[in-house]
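Asks: Heads up, the sequence shown is in the working numbering, so the first residue is 669 and it goes up one at a time.
For each residue, glycine too, the CB sits at the ideal point set by N, CA and C.
Dumping the structure here so I can ask a few things about it.
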Amino acid sequence: MGELRRFLATESSFSEAHPTIQAAKMSYVMSDYGSEVREGFWTPDDDPKIRCLNPLCQRGGFDIGREVQMMICLGLTSKDLNLRCDGDEGSPKGRRTGQPCEYMLKGTLSIIYKAEG
Ligand SMILES: [Zn+2]
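What follows is the structure in structure tokens.
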């Protein structure tokens with residue numbers, strides 16, 4: 669299991685999964701009810717899911733890997749994202765579901781495709 673995890677974390681796994689992509693990046697702002705929590709920068713070296721910084725949030729995060737996948741399907745090079753965290757403020761094991769998390773992630777995701785041929 670440890671081996672597998674290490675393999676999945678390598679840089680090459682992204683390019684293997686997305687052979688038509690040369691690079692991808694996104695600068696983002698995470699906010700809570702409109703007030704900025706953090707500015708950041710995502711690249712394929714990072715986890716495909718950006719962790720939500722709401723300390724109460726469970727099961728949350730922002731799935732950038734999925735957005736990249738969708739952009740590839742549509743052949744887009746740039747897309748404005750305005751994602752809402754899909755987590756909630758319930759108990760960690762899910763016995764109680766709390767308020768939905770209100771954290772948002774905003775930014776522009778860019779993809780550079782490899783030249784054909
Ligand atoms: Zn959250």
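Using CA coordinates, which residue listed in ARG706, ILE732, THR688, CYS725 is at the minimum distance from ASP714?
Replies: Answer by Cα proximity: ILE732.
Asks: Any heavy atom of ligand 1 closer than 7 Å to the beta-carbon of TYR771?
Replies: TYR771 Cβ: within cutoff of ligand 1.
Asks: Which two residues bound the contiguous beta strand (DSSP E) that contains GLU704?
Replies: First-last of the beta strand (DSSP E) with GLU704: 703-710.
Asks: Which residues does DSSP list as the beta-bridge partners of PHE730?
Replies: Per DSSP, ILE718.
Asks: Please list, in chain order, all residues of the same chain as ALA691 whose beta carbon is under 7 Å from its beta carbon, the five residues on each side excluded.
Replies: Excluding sequence neighbours, ALA691 sits near ILE780.
Asks: DSSP on SER778, reduced to helix/strand/coil?
Replies: Here SER778 sits in strand by DSSP.
Asks: Between the alpha carbons of ASP700 and PRO760, how many angstroms are there, rounded?
Replies: Distance between the alpha carbons of ASP700 and PRO760: 20 Å.
Asks: For the candidate residues GLU735, ARG727, CYS741, whose alpha-carbon lies nearest to that of GLN767?
Replies: With distances taken between Cα atoms, GLN767 lies closest to ARG727.
Asks: For the candidate residues PRO712, ILE689, ASN722, LYS693, whose alpha-carbon lies nearest to that of SER703?
Replies: Of the candidates PRO712, ILE689, ASN722, LYS693, the one whose C-alpha sits nearest the C-alpha of SER703 is ASN722.
Asks: As a quick exercise: from ASP756, THR765, PRO712, pick the residue whose alpha carbon is nearest that of GLU684.
Replies: When only C-alpha atoms are compared, the closest one is PRO712.
Asks: Distance, Cα to Cα, ARG752 vs GLY708?
Replies: When rounded, the distance between both Cα atoms is 16 Å.
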